[in-house]
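Residue numbers (our numbering): 36 to 449. The block underneath contains the structure these notes are about, expressed in structure tokens.
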């Protein structure tokens, strides 16, 4: 009953000074709002990236990159200039004895190239692939067809273009299918046009795709690959297939020490794990920065509570004269601080959620992204707990100052 009475007394005191109470919790509201927005947008960004990876690359796809697994800036540079993946590697990986659980092996080259049609020029992302890309990356032409095995074998001058490429080169809504565009001065016949796919891990709207054999011989002049994509027969066999790839390439490259690998192997699961770790770390960092305002808000609460103690000196003296103990006075003022911060936390959660919903809608509308709002339940719980702890921590000193006041001196205070 004493606790209930203390709570009623504390809330009564807060209602008496509504304006001051509102200003006191402002710092807490701003802090919790910031945390909610950051955490919500962070989860939304993570979900968007993961959905795009899963949508573009099947869960059974394994990626082989030249150069060792990057552990620093110099390793990233070595990847750019590495020529460790060649045709002999593709041939070895295609042998069933080496990769019994693989159902497809696709070499890949890419660069940035200009595509020309008439007087129009458009800078595109240029890919050399095989017919397997359609299945591996879930890309099916809306018009025409995709590359065929025969196109790859015959070094055919054919190209599949993205929707944006079509819009930029064929500005007068001309029929693009069957027309020829120039890449590095060579004519390529358009055999397929991809439907609009929007943003993704690979922006296929701005992409042109040709047989990798044609790309290597006539456009890039390369005899090595920048990626080799392998598809396992089942998700359960992805890890086994990845190990088989490593064994095959090490044997082929005469590598006995895994630390000296001149290639790296990663599955979609690895990519998702890495992205999740990076995004979580970034979100936590930003939330920690936003939480600084909670400390500022806590200091503000302590200052206002000290002022309140001074202003209410007579009230404290009167309560003590009527029999209130030091403990009851301490609990009353401590409860006032906790209630203030808890209310600030609730307001911050509601306001933060509203701003996050608004931000998600604006990103979807103006950014062209399928951004889904996510309510960060962990952040909401954390916000309430932290705001209450802030009130408790920064309310102790003012509450003790109130409890220590002498009844006689308090009653004589002017």
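All C-beta atoms, glycine included, are put in the ideal place defined by N, C-alpha and C.
Per DSSP, the beta bridge partners of residue 216 are 223. An exposed status is given to residue 118, since fewer than 16 other beta-carbon atoms sit within 10 Å of its beta-carbon. For residue 299, the enclosing beta strand (DSSP E) stretches over residues 298–302. Assignment of residue 283 by DSSP, reduced to helix, strand and coil, places it in the helix class. For residue 170, the enclosing alpha helix (DSSP H) begins and ends at 168–171. C-alpha of residue 64 to C-alpha of residue 81: approximately 26 Å in a straight line. Using a 10 angstroms sphere on the CB of residue 122, the tally of other CB atoms stays under 16, which defines it as exposed. Between residue 167 and residue 213, the C-beta spacing is not below 8 Å. Pairing residue 225 with residue 194 gives a Cβ-Cβ distance under 8 Å. The beta carbon of residue 177 is closer than 7 Å to those of 228, 229 and 230 in its chain, skipping five residues each way along the sequence. Within the same chain, 68 and 72 come within 7 Å of residue 390 by CB-CB distance, once the 5 residues on both sides are set aside. Counting along the chain, residue 96 sits inside the beta strand (DSSP E) bounded by residues 96–101.
Three or more Cβ pairs drawn from the segment 155–169 and the segment 194–212 lie within less than 8 Å of each other, which places the two stretches in contact. DSSP, read as helix, strand or coil, puts residue 254 in helix. The three-state secondary structure of residue 360, taken from DSSP, is coil. Per DSSP, residue 209 lies in no alpha helix (DSSP H) segment and is marked neither H nor E. Burial state of residue 411 is buried, judged by a 10 Å Cβ sphere holding 16 or more other Cβ atoms. At the C-beta level, residue 297 and residue 103 come within 8 Å of one another.
CA-CA distance, residue 422 to residue 398, rounds to 30 Å. Judged by DSSP secondary structure, residue 144 falls within the beta strand (DSSP E) whose first and last residues are 137–152. By the Cβ-count criterion, residue 124 is buried, with 16 or more other Cβ atoms from all chains shown falling within 10 Å of its own Cβ. DSSP places residue 191 in the coil class of the three-state scheme, outside both helix and strand.
The alpha carbon of residue 255 has as its nearest neighbour, out of 385, 199, 146 and 386, the alpha carbon of 146.
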